[in-house]
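Those letters in the sequence shown? Residues 1 to 226, by the UniProt record's numbering. Where is the CB? At the ideal position from N, CA and C, for every residue including glycine.
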Amino acid sequence: MNTTTLTFDETVRSRFSSRAFLPTPLTDDQIRQVLTDAQNSPSNCNTQPWHVHIASGKTKEALTEVMLQNTSKGLITPDFSFDYADFYGDYFDRSQEQARIYYETLGVAREDKAKRNEIYLRNFKFYGAPHVAFLFMPSFGDNIRVASDMGMYGQTFLLSLAARGYAGIPQTLLGFHADAIREILGVSEQYRLLFGISFGYADPSALTHNVRMGRISVDESVTIHS
């Protein structure tokens with residue numbers, strides 16, 4: 001079991017979204033350490049709205065099967081909207097740059113639709129990760145506040161993984177199959193699926209292992225008033 005953790009500075013700068021994992025599973029104790037860290041996340045009025053379901057083994061395989069089947073039929077049941085057409089300006093440009101870097105690293109041309117679709121479907125195979133955490137939430141009002149709480153939980157979860165030498169990737173696309181996932185996991189319809197986090201050990205031999213997406217400067221996103 002890994003008992004060494006990185007410093008905060010090392011953790012924040014080493015965390016990345018892994019898109020290739022080794023099949024080696026984490027132990028129950030390792031997963032519980034991460035969950036315990038994430039449980040300390042802040043939330044509005046201390047509501048702690050996160051309802052997390054961890055899937056591994058045969059359950060994870062069943063989820064992959066149903067998501068692939070539904071995707072092939074064009075069936076999606078997202079609890080929240082998502083459309084690239086809603087992005088504009090620099091936000092859209094950044095999303096396109098991320099996609100360009102990813103596919104170029106894999107050596108896939110823009111016009112190779114078959115290969116790009118094959119890579120797209122890896123989302124539903126959790127990029128080979130042995131575990132996936134689904135983040136469900138109750139619905140309060142317009143859901144903005146509770147969704148922000150879920151984001152803080154997700155970030156703490158991801159940073160805990162990184163600090164302990166593991167890796168993860170938050171996947172909005174997993175939320176596109178909310179109904180099927182709820183059914184397989186036995187989750188009440190009162191809880192909405194925001195996203196999932198695939199996690200485990202990153203595969204250091206993967207082409208994308210050393211790819212890091214850039215960040216804009218602090219001066220571009222922060223205004224300091226005095």
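Inter-residue Cα distance where the pair is residue i and residue j
| i | j | result |
| --- | --- | --- |
| Y88 | V222 | 19 Å |
| A114 | S41 | 41 Å |
| M1 | T27 | Residue placement at M1 is flagged as unreliable, the pLDDT there being 48, under the threshold of 50; the coordinate-derived value follows with that caveat. Spanning the two alpha carbons is a distance of roughly 8 Å. |
| R100 | A206 | 17 Å |
| Q39 | G154 | 10 Å |
| R164 | R32 | 12 Å |
| V66 | H225 | 51 Å |
| R94 | Q30 | 34 Å |
| D179 | L159 | 29 Å |
| N117 | M137 | 30 Å |
| I54 | F134 | 6 Å |
| D37 | Y166 | 14 Å |
| T172 | T4 | 30 Å |
| H209 | D9 | 20 Å |
| V108 | L75 | 26 Å |
| N70 | T77 | 10 Å |
| Y102 | D86 | 21 Å |
| N46 | G151 | 14 Å |
| R110 | Q96 | 12 Å |
| S56 | Y120 | 21 Å |
Residue i: first and last residue of the uninterrupted alpha helix (DSSP H) it sits in
| i | result |
| --- | --- |
| Q48 | Run containing Q48: none; DSSP gives neither H nor E here. |
| Q33 | 28-38 |
| A178 | 178-185 |
| G89 | 89-105 |
| G57 | 57-72 |
| A206 | Premise fails: A206 is in no alpha helix (DSSP H) and is neither H nor E. |
| N122 | In the sequence as presented, Asn is not what sits at residue 122; that position holds Arg. Per DSSP, R122 belongs to no alpha helix (DSSP H) and is neither H nor E. |
Cβ-Cβ distance between residue i and residue j below 9 Å
| i | j | result |
| --- | --- | --- |
| Q190 | S148 | no |
| H131 | P49 | no |
| A162 | R15 | yes |
| I197 | A62 | no |
| R122 | R19 | yes |
| K125 | L174 | no |
| N143 | F80 | yes |
| V187 | H51 | yes |
Residue i classed as buried or exposed, judged by whether at least 16 other C-beta atoms fall within 10 angstroms
| i | result |
| --- | --- |
| M213 | exposed |
| D90 | exposed |
| G141 | exposed |
| I216 | exposed |
| residue 291 | Because the chain spans 1 through 226 in this model, residue 291 falls outside it and cannot be assessed. |
| I169 | buried |
| Y84 | exposed |
| S72 | exposed |
| S17 | buried |
| Y127 | buried |
| D203 | buried |
| F199 | buried |
| F92 | exposed |
Opening and closing residue of the beta strand (DSSP E) in which residue i lies
| i | result |
| --- | --- |
| A133 | 131-137 |
| L161 | No beta strand (DSSP E) contains L161, which is instead part of the alpha helix (DSSP H) from 144-163. |
| residue 228 | Any answer about residue 228 is impossible in this case: the structure gives the chain only from 1 up to 226. |
| A20 | No beta strand (DSSP E) holds A20; DSSP gives it neither H nor E. |
| A167 | 167-171 |
Proximity test, Cβ basis, 9 Å: residue i and chain C
| i | result |
| --- | --- |
| E104 | The structure shown contains no chain C, having only a single protein chain. |
For residue j and residue i, believed in contact at Cβ under 8 Å, the rounded distance
| i | j | result |
| --- | --- | --- |
| L193 | R182 | 7 Å |
| L6 | Y201 | Incorrect: roughly 15 Å between the Cβ atoms, too far for contact. |
| V34 | F157 | 6 Å |
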